[in-house]
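Novice: In terms of my numbering, the sequence shown is residues 11 to 472.
The C-beta atom is built at its ideal place from N, Cα and C for all residues, glycine as well.
Take this structure first; my questions come after.
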Amino acid sequence: MHRTLADDLSRLPELLQSARDVAARELADLAERPVAAPGPAPGRAPLPDEGAGGTGALARFAERWAPGFSGSAGPRYLGFVTGGATPASVAGDWLTSAFDQNLSGAGGSWAAELERETVAWLRELFGLGEAHSGAFVTGATASNTVGLAIAREWLGERLGVDVSRAGAAALGPVDVLSGSPHSSVAKALSVLGIGRDRLRRVPLLPGNREAVDVTALETALAELGGRPAIVVANAGTVNTVDFDDLRAIAALKERYDFWLHVDAAFGGFAALCPEYAALVDGLDAADSVCVDLHKWLNVPYDAAVQFTRRRDLQVAVFHNASPYLGPPTGEPDFLHLTPENSRRLRALPAWFSLVAYGRAGHREIVERNVALARRLGEGIDAVPGLRLLAPVRLNVVCFTLAQDPSPERVDALERAVADSGETYVTPTVYGGVPALRAAFSNWRTTETDTRRVLEVLAAASA
Ligand SMILES: *Cc1c(COP(=O)(O)O)cnc(C)c1O
């Protein structure tokens, strides 16, 4: 064994302790560190020939790179839809690496059963019935991709083609209908050989809404003349957190032949709160569902779940045996369910957080984030230089400059906010107007944080 490797093995507890110290310091300072990275990154160092050992690597990381990392896990980072990591989920994430299980199959480990237990808890948390099975994937983009891959296979079933063998071309042009799809849906269609151009935008409800007009959706489906299609319904849009009427869309299945995929990446968390659960009423009727966990569950990155009612079709797409030999009603190994073969135990951080804080703890995060988003919305409404572009429906505040919101001026506002180091919001265009979004999804965010964010926004827009 190489000398530095042998040294590290003999002093492994000390190395882990040192890493723990760096992590503890980082997390202790997180709320007050600059929210966005300062200045340019350092130049690249040469590949080390003789290694520095784990302690040397830790020192170099802390010196060269850590100072320029963002405070995105902290309470005032409101860009995109960015969760932090609950204390228990960080511990779970560490142990994922320490135990280093390979979840491709069940072979010789209980780890796959732990993932199944976690998926079952999440299914319950989001109000899905037992007809849904699920698997962990890396994020909502992967979850949408897997869901739409199953949809593609289903189209084959309807048209009498085995897509997993014959390829997507055997389907001919595929119709994908959606109101306000997330950009990752187009990406998934590109990956799947369906094509980005096959995504057709269905008109939205009038009155500053991002939810699909179900009557227009019905018209679009009727125009297909009985050809089976894919409908992507959106439960929580990124600009204004609008929700499609899932129940009404699902009801259309009685008359039209389509696969219903619901992108509930973060909107699915409405199910945790009695006050908002109606927004995702009908979610269970979906054929496939995407829910992100590294956003509003507040577990570290690399976690989302893909649920579906048609695991048989999922296995048809993703099976990695030829032929697949498992019994159709049994539990297929995870390597037959998602793009990866070898995969880490990415369920463990979520398992830790659910055990540590339970349904009630996670509901409180969602409720507090929504209350704070509304508070910020009210605050922005009272700032003369700013105006809201939509009501604060859940956890995102979409706003712009009251006067002349040109791309240049909104861009300058965004930069001024980021340069303050106090908070971070990300740009968008809503209804043709350049705008900013402040998304609340971090477990640490408090009223004080929200007040500080409002002060920065007010000052920067004055
Ligand atoms: C964030 C998001 C995605 C993509 O999620 P990743 O985890 O970044 O891949 C997809 N859909 C919606 C609605 C989202 O908010």
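Under 8 angstroms by Cβ, that's how I've got valine 173 and glutamate 163 pegged, so tell me the actual separation to the nearest angstrom.
Specialist: For this step, residue 173 is matched to residue 163 along the sequence shown. For this step, residue 163 is matched to residue 153 along the sequence shown. Indeed, because the Cβ distance is near 5 angstroms, the residues count as touching under 8 angstroms.
Novice: Spatial neighbours of serine 298 within its chain, please: C-beta separation below 6 angstroms, excluding the five flanking residues on both sides.
Specialist: Your numbering for residue 298 matches position 288 in the sequence shown. So the list reads Gly157, Ile160, His271, Thr318, once near-sequence residues are dropped.
Novice: Could you say if the stretch 49 to 58 and the stretch 82 to 96 meet the contact criterion of at least three C-beta pairs nearer than 8 angstroms?
Specialist: no
Novice: Report yes if the C-beta of glycine 246 is less than 7 angstroms from at least one heavy atom of ligand 1; otherwise report no.
Specialist: Mapped onto the sequence shown, residue 246 falls at position 236. True, at least one ligand heavy atom lies under 7 angstroms from that Cβ.
Novice: Hey, quick one: how far does the alpha helix (DSSP H) through glycine 64 stretch, first residue to last?
Specialist: For this step, residue 64 is matched to residue 54 along the sequence shown. Looking at the DSSP string, the run of the alpha helix (DSSP H) that includes glycine 64 is 63 to 70.
Novice: Is asparagine 154 near ligand 1, going by C-beta to nearest heavy atom under 7 angstroms?
Specialist: Working through the sequence shown from its first residue, we reach residue 154 at position 144. True, at least one ligand heavy atom lies under 7 angstroms from that Cβ.
Novice: So, for valine 251: in the same chain, excluding its five sequence neighbours on each side, which residues have a beta-carbon less than 7 angstroms away from its beta-carbon?
Specialist: Indexing the sequence shown from 1 puts residue 251 at position 241. These residues qualify, in order along the chain: Gly277, Arg403, Leu404, Asn405, Val406.
Novice: Where leucine 446 and glutamate 432 are concerned, what is the direct C-alpha to C-alpha distance, given to the nearest angstrom?
Specialist: Position 436 of the sequence shown, counting from 1, holds the residue named residue 446. Position 422 of the sequence shown, counting from 1, holds the residue named residue 432. If you take the alpha carbons of leucine 446 and glutamate 432, they lie about 16 angstroms apart.
Novice: Do you know offhand how far serine 352's Cα is from arginine 35's?
Specialist: Here residue 352 corresponds to residue number 342 of the sequence shown, with the count starting at 1. Here residue 35 corresponds to residue number 25 of the sequence shown, with the count starting at 1. Straight-line Cα distance between these residues: approximately 33 angstroms.
Novice: When DSSP labels each residue in this structure, what does proline 359 get in the three-state scheme?
Specialist: Sequence index remark: in the sequence shown, residue 359 carries index 349 (1-based). Three-state result, proline 359: helix.
Novice: Does ligand 1 have even one heavy atom less than 7 angstroms from the beta-carbon of valine 251?
Specialist: As a working note, residue 251 is residue 241 in the sequence shown. Flag unset: Cβ of valine 251 not near ligand 1.
Novice: Which residue from Asp207, Ala281, Leu398, Val129 puts its Cα closest to that of alanine 141?
Specialist: Here residue 141 refers to the residue found at position 131 when the sequence shown is read from its first residue. Minimum Cα distance to alanine 141 is reached at Val129.
Novice: Using DSSP's beta-bridge definition, name the partner residues of glycine 93.
Specialist: For the purposes of this step, residue 93 is taken as the residue at position 83 of the sequence shown. Answer is none; glycine 93 lacks a bridge partner.
Novice: Can you find a heavy atom of ligand 1 that lies under 7 angstroms from the Cβ of alanine 275?
Specialist: Residue numbering aside, residue 275 sits at position 265 when the sequence shown is read from its first letter. It does: the Cβ of alanine 275 is within 7 angstroms (strictly closer) of some heavy atom of ligand 1.
Novice: Can you name, in chain order, every residue of its own chain whose Cβ lies under 6 angstroms from the Cβ of leucine 289, other than the five neighbours on each side?
Specialist: Here residue 289 refers to the residue found at position 279 when the sequence shown is read from its first residue. Spatial neighbours of leucine 289 in its own chain (CB-CB distance under 6 angstroms, excluding positions within 5 residues in sequence) are listed in chain order as Phe253, Ala280.
Novice: Are the CB atoms of serine 114 and aspartate 347 within a distance shorter than 8 angstroms?
Specialist: Within the sequence shown, the letter at position 337 stands for residue 347. Within the sequence shown, the letter at position 104 stands for residue 114. First, the residue type needs correcting, since residue 347 is leucine and not aspartate in the sequence shown. Contact flag unset, no.
Novice: Taking the beta strand (DSSP E) that tryptophan 269 belongs to, which residues open and close that run?
Specialist: Sequence index remark: in the sequence shown, residue 269 carries index 259 (1-based). Annotation: the continuous beta strand (DSSP E) that includes tryptophan 269 extends over 268 to 273.
Novice: When every heavy atom of ligand 1 is checked, does at least one fall within less than 7 angstroms of the C-beta of aspartate 357?
Specialist: Taking the first residue of the sequence shown as 1, we reach residue 357 at position 347. According to the sequence as given, residue 357 is alanine; it is not aspartate. Result no, Cβ not under 7 angstroms from ligand 1.
Novice: Measuring only the C-alpha atoms, how far is alanine 383 from threonine 436?
Specialist: Locating residue 383 in the sequence shown gives position 373, counting from the first residue. Locating residue 436 in the sequence shown gives position 426, counting from the first residue. Whole-angstrom Cα-Cα distance: 15 angstroms.
Novice: Would you list, in sequence order, the uninterrupted beta strand (DSSP E) runs of no fewer than 3 residues that lie entirely inside the stretch 189 to 220?
Specialist: 209 to 211
Novice: Under the rule that 16 or more other beta-carbon atoms within 10 Å means buried, what is proline 338, buried or exposed?
Specialist: The residue you call residue 338 lines up with position 328 of the sequence shown. Caution applies to proline 338, whose pLDDT of 43 falls short of 50 and renders its modelled position unreliable; the model cannot decide the point.
Novice: I'd like to know whether the C-beta atoms of valine 315 and leucine 303 end up nearer to each other than 8 angstroms.
Specialist: In the sequence shown, the residue the question calls residue 315 occupies position 305. In the sequence shown, the residue the question calls residue 303 occupies position 293. Result yes, Cβ atoms of valine 315 and leucine 303 sit closer than 8 angstroms.
Novice: Apart from the five residues on each side of it in sequence, which residues of its chain come closer than 7 angstroms, Cβ to Cβ, to alanine 472?
Specialist: Translated into the one-based positions of the sequence shown, residue 472 becomes position 462. Hits under 7 angstroms: Gly395.
Novice: Buried or exposed for asparagine 218, going by 16 or more other Cβ atoms inside 10 Å?
Specialist: Against the sequence shown, residue 218 aligns to sequence position 208. Asparagine 218 should be labelled exposed.
Novice: Buried or exposed, going by whether 16 or more other CB atoms sit within 10 Å of the CB of glycine 442?
Specialist: The count along the sequence shown starts at 1 and reaches residue 442 at position 432. Exposed, because fewer than 16 other Cβ atoms sit within 10 Å of the Cβ of glycine 442.
Novice: Sorted by chain position, which residues of the same chain lie with C-beta nearer than 7 angstroms to leucine 10's C-beta, five sequence neighbours on each side aside?
Specialist: Given a span of 11 to 472 for the chain in the structure shown, any question on residue 10 remains unanswerable.
Novice: For serine 119 versus alanine 360, is the C-beta distance shorter than 8 angstroms?
Specialist: Start at 1 with the first residue of the sequence shown, and residue 119 comes out as number 109. Start at 1 with the first residue of the sequence shown, and residue 360 comes out as number 350. Cβ atoms of serine 119 and alanine 360: not closer than 8 angstroms.
Novice: Counting only the same chain and skipping the five closest in sequence on each side, list residues whose C-beta sits under 7 angstroms from that of leucine 399.
Specialist: Here residue 399 refers to the residue found at position 389 of the sequence shown. Within the same chain, leucine 399 has close Cβ partners Cys408, Phe409, Thr410, Tyr440, Gly441, Val443, Ala445.
Novice: With the cut-off set at 8 angstroms, would you say leucine 262 and leucine 231 are in Cβ contact?
Specialist: In the sequence shown, counting from the first residue as 1, residue 262 sits at position 252. In the sequence shown, counting from the first residue as 1, residue 231 sits at position 221. At a Cβ-Cβ threshold of 8 angstroms, leucine 262 and leucine 231 count as neighbours.
Novice: Taking Cβ to Cβ, would you say valine 427 is nearer than 8 angstroms to leucine 464?
Specialist: Within the sequence shown, numbered from 1, the residue matching residue 427 stands at position 417. Within the sequence shown, numbered from 1, the residue matching residue 464 stands at position 454. No, they are not a contact pair.
Novice: Within the continuous alpha helix (DSSP H) that includes aspartate 560, where are the two ends?
Specialist: For residue 560 there is no data in the structure shown, the boundaries of the chain being 11 and 472.
Novice: Does ligand 1 have even one heavy atom less than 7 angstroms from the beta-carbon of valine 91?
Specialist: Along the sequence shown, read from residue 1 onward, the residue named residue 91 stands at position 81. Valine 91 Cβ: within cutoff of ligand 1.
Novice: Return the chain-ordered list of same chain residues with a C-beta closer than 7 angstroms to the C-beta of arginine 320, the five sequence neighbours on each side being excluded.
Specialist: Stepping through the sequence shown from its first residue, residue 320 is reached at position 310. These residues qualify, in order along the chain: Ile160, Trp164, Asp297.
Novice: I'd like to check one pair, threonine 92 with alanine 510: are the Cβ atoms closer than 8 angstroms?
Specialist: Since the displayed the chain opens at 11 and closes at 472, residue 510 lies outside it and no answer follows.
Novice: For alanine 108, which residues of its own chain have a beta-carbon under 7 angstroms away from its beta-carbon, when the five flanking residues on both sides are left out?
Specialist: As a working note, residue 108 is residue 98 in the sequence shown. No residues qualify anywhere along the chain.
Novice: From Leu37, Ala275, Ala392, Ala16, pick the residue whose C-alpha is nearest to that of arginine 136; which is it?
Specialist: Here residue 136 is taken as the residue at index 126 of the sequence shown, counted from 1. Residue identity differs from the one stated: residue 136 is phenylalanine in this sequence, not arginine. Distances from the alpha-carbon of phenylalanine 136 to those of Leu37, Ala275, Ala392, Ala16 put Ala275 closest.
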